[in-house]
Amino acid sequence: MTVDVLHGVSDIAADDWDALTRDLDIDADRGYLRFREYLESGQSLVVTERGSGELRGALHGALTTSRTGMASHPWKFVGSPSVLRLAEDDPDAERVHRTLRDLAGAGQREAADDAEPVWQVLDRRFGSCYVIRGFDSSELILRPGLDAVEAEQVTRRLIEKARSAALEHGAGAVAFPFVRPGDKVLRGVLAEYGFRSGVVTAASAFHLNGCTTYEEYLEQLPSRRRRRYRQEERQLLTSGLSTGETDLITHAERIAQLEAQTLAKHGGRPDPAAIQRARTVLAEALPDAVRVPAVRRDGVLIACALHLLGRRSSLFMAYGCDYDVTDRGPSYPWSCFYHPIRMAIEHGAETVRLGLEGFEAKAQRGAVPEEREMWIWTPDPEAGERVGALLEFLDTRNTAYLARFSG
Numbered sequence: 000m001t002v003d004v005l006h007g008v009s010d011i012a013a014d015d016w017d018a019l020t021r022d023l024d025i026d027a028d029r030g031y032l033r034f035r036e037y038l039e040s041g042q043s044l045v046v047t048e049r050g051s052g053e054l055r056g057a058l059h060g061a062l063t064t065s066r067t068g069m070a071s072h073p074w075k076f077v078g079s080p081s082v083l084r085l086a087e088d089d090p091d092a093e094r095v096h097r098t099l100r101d102l103a104g105a106g107q108r109e110a111a112d113d114a115e116p117v118w119q120v121l122d123r124r125f126g127s128c129y130v131i132r133g134f135d136s137s138e139l140i141l142r143p144g145l146d147a148v149e150a151e152q153v154t155r156r157l158i159e160k161a162r163s164a165a166l167e168h169g170a171g172a173v174a175f176p177f178v179r180p181g182d183k184v185l186r187g188v189l190a191e192y193g194f195r196s197g198v199v200t201a202a203s204a205f206h207l208n209g210c211t212t213y214e215e216y217l218e219q220l221p222s223r224r225r226r227r228y229r230q231e232e233r234q235l236l237t238s239g240l241s242t243g244e245t246d247l248i249t250h251a252e253r254i255a256q257l258e259a260q261t262l263a264k265h266g267g268r269p270d271p272a273a274i275q276r277a278r279t280v281l282a283e284a285l286p287d288a289v290r291v292p293a294v295r296r297d298g299v300l301i302a303c304a305l306h307l308l309g310r311r312s313s314l315f316m317a318y319g320c321d322y323d324v325t326d327r328g329p330s331y332p333w334s335c336f337y338h339p340i341r342m343a344i345e346h347g348a349e350t351v352r353l354g355l356e357g358f359e360a361k362a363q364r365g366a367v368p369e370e371r372e373m374w375i376w377t378p379d380p381e382a383g384e385r386v387g388a389l390l391e392f393l394d395t396r397n398t399a400y401l402a403r404f405s406g
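Here numbering that gives the first Met the number 0 is used: position 264 in the sequence shown is 263, and no number is missing along the way.
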């Protein structure tokens, strides 16, 4: 067996990668992973194992930098106030924030107004991370046909190499931020190798349950939810808006402008030109998978969503909207939920995967959340204990919060 560290999925022959991932969904596709590598500001690292000339397993990730986005940067994610799941005007807010800062190792007597951000405290304390993540999960890719013993052995060797590769590249931690609770082999090996864990978020999805038409899917919904679907779609049709799908390349500039408005509305500082470049890269990497449900008023694009349609599911990537248009109706649920469900059913897909966070709107339409555990390893056992205490604190708060959406 040979275990190697490569600097991108393009270092692997296409036929080899396709054989490894032939039974997997679009987020294991070579084009999708090249797109992820484009997005990440840090060095990509791909750990692979070969035996008898064949790829037997791989994990794909990247090193964090100060410019890494929150979902790909464990310290930014666990240091975000949103992950504390505080209610508005929560009387315990000050105590909870203080506990988070204490567990992160911040000074005890900092003034709240000029306190160092929690993620910077963690980054300074533990260093950068080698982060293994995909669209909405952190997984190892194992060759089809491996038995349980072989799968566990390959997993061990890949994790061992990931730890040494992280240290060789100057990282102070290895993180699998979005592990599925049902991934027993991975979770078992991570625990064996000293990773600490806690629930920090969830990924939501619509499960289509074998439905072959949109109407069949609606009929299996509870009556109140079914009425909501139909009411919002009727409202869209009677509001003077037109709907359909549009071409990402042709309209990349306008789509990027709309996405930037949505990011800004939620507190981001978007760069429309950078979004446009990223959308062009995605369209070129996966030309047959990109779908853009679009809403127009008087021929002008006012809202749209970006989805990728794969063998097993569709992936909800982004939403954009012109918030200066006050009469935009239910553009959001149509472009993000209802039309993608139609697309997936027509394509024979099993699920519509909606990504992380944003639970309220998704659950209202029947999406089911599945918890995601963050697993982190540091080479210093004492530091690992401190990380573990932080993750345990967040696990308690997130488990209770996510239970609200599981019914």
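In this text, a Cβ means the ideal position worked out from N, Cα and C, and glycines have one as well.
Just so we're clear, the structure is a prediction, and the values are computed from it rather than from any experiment.
Asp-122 and Gly-41 have their C-alpha atoms roughly 14 angstroms apart. Looking at the DSSP output, Tyr-318 shares a beta bridge with Ala-304.
If one requires a minimum length of 3 residues, the beta strand (DSSP E) runs lying completely within the stretch 348-399 are 350-355, 367-376, in chain order. With fewer than 16 other beta carbons inside 10 angstroms of its own, Asn-208 counts as exposed. With 16 or more other CB atoms across the displayed protein chains lying within 10 angstroms of its CB, Thr-350 is buried. By the 16-neighbour rule on beta-carbons within 10 angstroms, Gly-171 is buried. Segment contact: the stretch 46-57 against the stretch 137-144, three or more CB-CB distances shorter than 8 angstroms; contact assigned.
A residue is called buried when at least 16 other Cβ atoms come within 10 angstroms of its Cβ; Glu-36 meets this threshold and is buried.
Annotation: Arg-225 to Thr-261 spans about 27 angstroms, alpha carbon to alpha carbon.
Per DSSP, Leu-58 lies in no alpha helix (DSSP H); the unbroken beta strand (DSSP E) holding it starts and ends at 53-62.
With respect to the 7 angstroms criterion, Val-199 and Met-69 are not classified as neighbours on the basis of their beta carbons.
Per DSSP, Arg-195 is one residue of the beta strand (DSSP E) stretching across 195-206. Rounded to the nearest whole angstrom, the CA to CA distance from Tyr-322 to Glu-191 is 50 angstroms. Scanning the stretch 96-145 for uninterrupted alpha helix (DSSP H) segments of 4 residues or longer gives 117-125, listed from N- to C-terminal end.
A residue is called buried once 16 or more other Cβ atoms fall within 10 Å of its Cβ, and Asp-28 is buried on that count. When the five nearest sequence neighbours on each side are left out, the beta carbons in the same chain lying within less than 6 angstroms of the beta carbon of Leu-189 are those of Trp-374, in order along the chain. Each residue's CA atom was taken as its position, placing Trp-74 and Glu-115 some 13 angstroms apart.
In the structure shown, the three-state DSSP call for Pro-269 is coil.
A straight-line Cα-Cα distance of about 17 angstroms links Ala-174 and Ser-79.
For Leu-85, the three-state secondary structure derived from DSSP is coil.
When secondary structure is reduced to three states using DSSP, Arg-296 falls in the strand class. The closest CA to that of Ala-317, considering only Asp-22, Tyr-337, Ala-255, is found on Ala-255. For Leu-19, the CB contacts under 7 angstroms within the same chain, skipping 5 residues up- and downstream, are Leu-54, Ala-57, Ile-140, Arg-142 in chain order.
The continuous stretches of alpha helix (DSSP H) do not include Val-8, and DSSP gives it neither H nor E.
Proximity of the stretch 382-402 to the stretch 226-239 falls short of the contact definition, fewer than three beta-carbon pairs being nearer than 8 angstroms. Beta-bridge pairing by DSSP links Leu-257 to no other residue. With fewer than 16 other Cβ atoms inside 10 Å of its own Cβ, Pro-90 counts as exposed.
Residue burial is scored here from C-beta neighbours: Arg-233 has fewer than 16 other C-beta atoms within 10 angstroms and is therefore classed as exposed. The DSSP-derived three-state label of Ser-163 is helix. Remark: three or more beta-carbon pairs, one from each stretch, lie closer than 8 angstroms, so the stretch 329-338 and the stretch 290-309 are flagged as touching. For Arg-49, the uninterrupted beta strand (DSSP E) run begins and ends at 43-50, by DSSP. Secondary structure at Thr-67: coil, using DSSP grouped into helix, strand and coil. Residue Leu-307 holds the alpha-carbon nearest to the alpha-carbon of Asp-24 among Leu-307, Glu-391, Glu-215.
Counting the other CB atoms within 10 Å of its CB gives Ser-405 a total below 16, which places it among the exposed residues.
At the C-beta level, Val-291 and Leu-281 stay beyond 7 angstroms of one another. The Cβ-Cβ distance between Phe-177 and Arg-132 falls below 7 angstroms.
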